[in-house]
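Q: What follows is a structure written as structure tokens; I'll ask about it next.
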Amino acid sequence: MTPTPMIINALGQLDNPNAPRSVEAAAQLNASSEQLTIDARALADAHASGLTAVNVTLGYTMGDLPPYEHTLHEIAVWDAIVRDNAADLLKVRTVADIHRARREGRIGVVYGFQNAVAVGDDLDRVATFAGLGVRVVQLTYNQANHLGDGSMALANRGLSDFGRQVVEALNDQHLMVDLSHSGERTCLEAATMSRAPVSVNHTGCRALADLPRNKTDEELRLVASRGGFVGIYFMPFLHVSGHAGAADVVEHIDHAVNVCGEDHVGIGTDGTITSVDDLDAYRAHLAEHVALRRQAGVGAAGERADTLPFVLDLRGVDQFRELIRLLEKRGYRSERIEKILGRNFLDYAGRVWAPRPA
1 MTPTPMIINA LGQLDNPNAP RSVEAAAQLN ASSEQLTIDA RALADAHASG
51 LTAVNVTLGY TMGDLPPYEH TLHEIAVWDA IVRDNAADLL KVRTVADIHR
101 ARREGRIGVV YGFQNAVAVG DDLDRVATFA GLGVRVVQLT YNQANHLGDG
151 SMALANRGLS DFGRQVVEAL NDQHLMVDLS HSGERTCLEA ATMSRAPVSV
201 NHTGCRALAD LPRNKTDEEL RLVASRGGFV GIYFMPFLHV SGHAGAADVV
251 EHIDHAVNVC GEDHVGIGTD GTITSVDDLD AYRAHLAEHV ALRRQAGVGA
301 AGERADTLPF VLDLRGVDQF RELIRLLEKR GYRSERIEKI LGRNFLDYAG
351 RVWAPRPA
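So for the sequence shown, this note's numbering puts the first residue at 1; every next one is plus one.
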């Protein structure tokens, strides 16, 4: 078995989903970072998995909370989480911080948004977020916002004029422009106009599973051709049945490598390290959660009451080691596996994030 390389999850979660507070949050539409349970088990599991760093979602994504104020609050919540767990966690502002986390046996925490609504109509807020340590800004969630259309917006109108200004502001602040969840035109336009490489931190390949949350080969190729990054998720959208397995993850990684090249593909699992223990109870909550998302207009095609938001045979503390084993079985050499597991994201971050003092 190849030694575990640096593992960087381009979109994931730190949480013990079995804790009462997290179980309750999972059934809600407007879960907040305060409801995460980053306890001894969550931290031990993350360490045991070999995880080096993870981009976590904070701030406003959906719902009726005030986007800007809620986002500022969530940044403060995560600052407290990192501070209270300083022996295990390190806030990532630079590529050097990821190296430091690995060297010190800590887990790097990258602050990221999955919706840029909190920018409002004030471009100066981009600099505010950058100053507070945010490093990844996803332009849209599934629905349209005032920047552009999400993957479930049928009009597929692309970026708004203000959306283009936001991309320019993100470039000015050396923040990642993440096009996960975006509509096809929004992705293509942002990737074309951005002065810096862009990313799709958690997605699948539409050529293999024709669902809106997955990216077309045209999108994947354009992102990669401009020096960007594509992270493959461990999500039900990897198979049109909604029941994706580890083999599907490998197929989507392989397809992305063939389209983008091996220097531009990684992983963004969109899940936790700690496994859900009671799947029967989880399924009961899941049906209600999926229904709430559908009613609120934020669900995605492919979400159903029977589609788990993770891959059953690629979860838990061994998920990355199992992926390595499957990629080795596929014939991938150790250097390519190291790129996919973390080095490609690290190199991409180096092309976008400006050097900043520690």
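Idealized CB from N, CA, C, for every residue including glycine.
1. Along the alpha helix (DSSP H) that carries residue 230, what are the first and last residues, could you check?
2. So what does DSSP say about residue 163, is it helix, strand or coil?
3. Can you grab the Cα-Cα spacing for the pair residue 226 / residue 198, in whole Å?
4. Does residue 285 come out as helix, strand or coil in the three-state DSSP assignment?
5. Could you pull out every residue in the same chain whose Cβ sits closer than 6 Å to the Cβ of residue 1, ignoring the five residues on either side in sequence?
6. Which residues in the same chain as residue 165 place their Cβ atom closer than 7 Å to its Cβ, once the five residues preceding and following it in sequence are excluded?
7. According to DSSP, which residues form a beta bridge with residue 40?
8. With a cut-off of 9 Å, does the C-beta of residue 103 fall near any C-beta of chain C?
9. Distance check for residue 344 and residue 92, CA to CA, integer angstroms please.
10. Skipping 5 residues on each side, what residues in its chain have a beta carbon closer than 8 Å to that of residue 357?
11. Mind checking which residues open and close the alpha helix (DSSP H) that includes residue 79?
12. By DSSP, does residue 134 sit in helix, in strand, or in coil?
13. For residue 102 and residue 83, I'd like the C-alpha separation in whole angstroms.
14. Between the C-alpha atoms of residue 67 and residue 267, what's the straight-line distance to the nearest angstrom?
15. What separation, rounded to the nearest whole angstrom, lies between the Cα atoms of residue 20 and residue 189?
16. Please report the distance separating the alpha-carbon of residue 354 from that of residue 326.
17. Identify whether residue 317 lies in helix, strand or coil by the three-state DSSP scheme.
18. Write down every uninterrupted run of the beta strand (DSSP E) in the stretch 89-129 whose length is 3 residues or greater and which is fully enclosed by it, in chain order.
A: So, from the listed chains and residues:
1. What you label residue 230 is simply residue 230 of the sequence shown in a count that begins at 1. Bounds of any alpha helix (DSSP H) do not take in residue 230; it lies within the beta strand (DSSP E) bounded by 229-232.
2. Along the sequence shown, read from residue 1 onward, the residue named residue 163 stands at position 163. Reduced to three states, the DSSP call for residue 163 is helix.
3. Taking the first residue of the sequence shown as position 1, residue 226 is located at position 226. Taking the first residue of the sequence shown as position 1, residue 198 is located at position 198. Answer to the nearest angstrom: the Cα atoms are 8 Å apart.
4. Walking along the sequence shown from the start, residue 285 turns up at place 285. Helix at residue 285.
5. Numbered from 1 along the sequence shown, position 1 holds the residue referred to as residue 1. For residue 1, the predicted structure reports a pLDDT of 42, less than 50, and the residue's modelled location is therefore unreliable. A value from the coordinates is still provided. Closer than 6 Å at the Cβ level, and outside the excluded window around residue 1, lies no residue.
6. Within the sequence shown, residue 165 is the residue found at index 165, counting from 1. Taken in chain order, the residues that qualify are 123.
7. Here residue 40 is taken as the residue at index 40 of the sequence shown, counted from 1. Answer is none; residue 40 lacks a bridge partner.
8. The question asks about chain C, but that chain is absent: this structure has only one protein chain.
9. Taking the first residue of the sequence shown as position 1, residue 92 is located at position 92. Taking the first residue of the sequence shown as position 1, residue 344 is located at position 344. Cα to Cα, residue 92 sits roughly 17 Å from residue 344.
10. As a working mapping, residue 357 is identified with position 357 in the sequence shown. In this prediction, residue 357 has a pLDDT of 44, which is less than 50 and means its spatial position is unreliable; what the coordinates show is noted afterwards. The answer is none, since no qualifying residue turns up.
11. The residue given as residue 79 occupies position 79 in the sequence shown. Taken as a continuous stretch (DSSP letters only), the alpha helix (DSSP H) holding residue 79 covers 67-84.
12. Within the sequence shown, residue 134 is the residue found at index 134, counting from 1. Here residue 134 sits in strand by DSSP.
13. Numbered from its first residue, the sequence shown carries residue 102 at position 102. Numbered from its first residue, the sequence shown carries residue 83 at position 83. In a straight line, the C-alpha of residue 102 is about 18 Å away from that of residue 83.
14. Counted from its first residue, the sequence shown places residue 67 at position 67. Counted from its first residue, the sequence shown places residue 267 at position 267. Using only the alpha carbons, I get a separation of about 28 Å.
15. As a working mapping, residue 20 is identified with position 20 in the sequence shown. As a working mapping, residue 189 is identified with position 189 in the sequence shown. Distance between the alpha carbons of residue 20 and residue 189: 43 Å.
16. Here residue 354 is taken as the residue at index 354 of the sequence shown, counted from 1. Here residue 326 is taken as the residue at index 326 of the sequence shown, counted from 1. Between residue 354 and residue 326, the C-alpha separation is close to 35 Å.
17. As a working mapping, residue 317 is identified with position 317 in the sequence shown. Coil.
18. 89-91, 107-113
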